[in-house]
Amino acid sequence: MTACGGGGDSGGPDIETRVAGIKVFKATGSLQCSGGGLSLAALQAQLGAANVQVRSAECGTDGQPMPAVCGTPDGKIGIFEIAVGQDAAAAAAGFKPLDTLPGAKTAPCS
Numbered sequence: 063m064t065a066c067g068g069g070g071d072s073g074g075p076d077i078e079t080r081v082a083g084i085k086v087f088k089a090t091g092s093l094q095c096s097g098g099g100l101s102l103a104a105l106q107a108q109l110g111a112a113n114v115q116v117r118s119a120e121c122g123t124d125g126q127p128m129p130a131v132c133g134t135p136d137g138k139i140g141i142f143e144i145a146v147g148q149d150a151a152a153a154a155a156g157f158k159p160l161d162t163l164p165g166a167k168t169a170p171c172s
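Counting from 63, one number per residue, gives the positions in the sequence shown under the working numbering.
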């Protein structure tokens, strides 16, 4: 007896063969007490202007300890997955590899 779908060879590539990506980040520039800074969409547009294709985008925090002082950075960052090989173009636009921020975490955009 044969079941329909789900177990056979579809002839397509395995999930594991998906081209790897790397994650980069950039600070939004927002400040404690006053907010401001760039939106996730604005940061993504900077990557697009540098001809970097974004696979995924999310908000986050840099995980760095900072004093609670109005007017100082609040640690909010934009995190983007891009294709390997586009990291130089992203770096030229001011983005850095996420692995340079070991304490970084995703967070809801606000």
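For each residue, glycine too, the CB sits at the ideal point set by N, CA and C. Small disclaimer: the values here were computed from a predicted structure and weren't measured.
Who are the Cβ neighbours of Leu105 in its own chain at under 6 Å, not counting the five residues just before and after it?
-> Excluding sequence neighbours, Leu105 sits near Lys88, Gly140.
State the beta-bridge partners of Ser118 as determined by DSSP.
-> Its beta-bridge partners are Glu143.
Roughly how many angstroms lie between the CA atoms of Pro159 and Val116, to the nearest whole one?
-> Distance from the CA of Pro159 to the CA of Val116, rounded to the nearest whole angstrom, comes to 14 Å.
Mind checking Lys138: buried by the 16 CB within 10 Å criterion, or exposed?
-> By the neighbour-count rule (16 or more Cβ atoms within 10 Å), Lys138 is buried.
In this structure, does DSSP put Thr162 in helix, strand or coil?
-> Helix, per DSSP.
Cα-Cα separation between Gln108 and Gly156, rounded to whole angstroms | Approximately 9 Å, taken between the alpha carbons.
Between Thr90, Gln94, Gly122, Thr168, which lies nearest to Ala130 when the distance is taken from Cα to Cα?
-> It is Gln94 whose Cα lies nearest to the Cα of Ala130.
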